[in-house]
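Numbering (the working numbering), first residue to last: 13 to 137.
Presented below is the structure to which this report refers.
The structure is reproduced here in C-alpha cells:
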C-alpha cells in the first residue's frame, strides 16, 4: 500500500463531487479539511460544507465515502462531516477561484477580502 498514491487517487475522485450551492468540486472549494491514511489501510477524511444549513450535507458525506470505496481498498472509512468550521471563499484553491471567476464573472475571493478588510498576500507576476 502506497499512502501517497491512495491520497492522490482519493483527491482525484473527489474532484468529481460537486457542492450543490456552488457548482465547483469540493476539493477546489477547499472543503476537504483533513485526509489521513493509516498504515493498516484506514481512511479518515474531514469534509465541510459551504453552509451548515445545506440540506444535502449527508448526501455529500455519503458520496465522499462511496468515492473512497471506489478508489482504494480501504479497510475502514471514517467520513467526519464538519459543520462547525465556517467555510469562506478564502479556502478555495487557485483552480476553484479561477473556475468561479469563469462561471460567475467576478473574483469572489477578492470581493470577500475587500468586504471584510482582509489583505490578500498574492504574488503578482
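We treat Cβ as the ideally placed atom computed from N, Cα and C, and that holds for glycine.
Model, not experiment: these values are computed from the prediction.
When the Cα atoms are used, what is the spatial distance from residue 51 to residue 119?
About 41 Å.
Assuming contact is defined by CB atoms lying nearer than 7 Å, are residue 108 and residue 36 in contact in what I supplied?
yes
Using a Cβ-Cβ cut-off of 7 Å (strictly less than) and excluding sequence neighbours within five positions of residue 93, which residues of its own chain qualify?
59, 69 and 73
Measure the alpha-carbon distance for residue 137 versus residue 106 and round it to whole angstroms.
Because the pLDDT of residue 137 is 45, which lies under 50, any placement of that residue in the model is unreliable, and the number read from its coordinates should be weighed accordingly. The alpha-carbon atoms of residue 137 and residue 106 are separated by roughly 15 Å.
Answer with yes or no whether the minimum CB distance from residue 116 to chain D is below 7 Å.
Among the protein chains of the structure shown there is no chain D, as only one such chain exists.
Excluding sequence positions up to five away, which residues of its chain have a Cβ less than 8 Å from the Cβ of residue 55?
18, 22, 47, 48, 49, 80, 84, 86, 88, 89 and 90
Burial state of residue 13, where buried means 16 or more other Cβ atoms lie within 10 Å
exposed
Given that a residue counts as buried once 16 or more other Cβ atoms are within 10 Å of its Cβ, and exposed if not, what is residue 101?
buried
Under the three-state reduction of DSSP, which class applies to residue 45: helix, strand or coil?
When DSSP states are grouped into helix, strand and coil, residue 45 belongs to the strand group.
Please confirm whether residue 75 and residue 39 have their CB atoms less than 7 Å apart.
no
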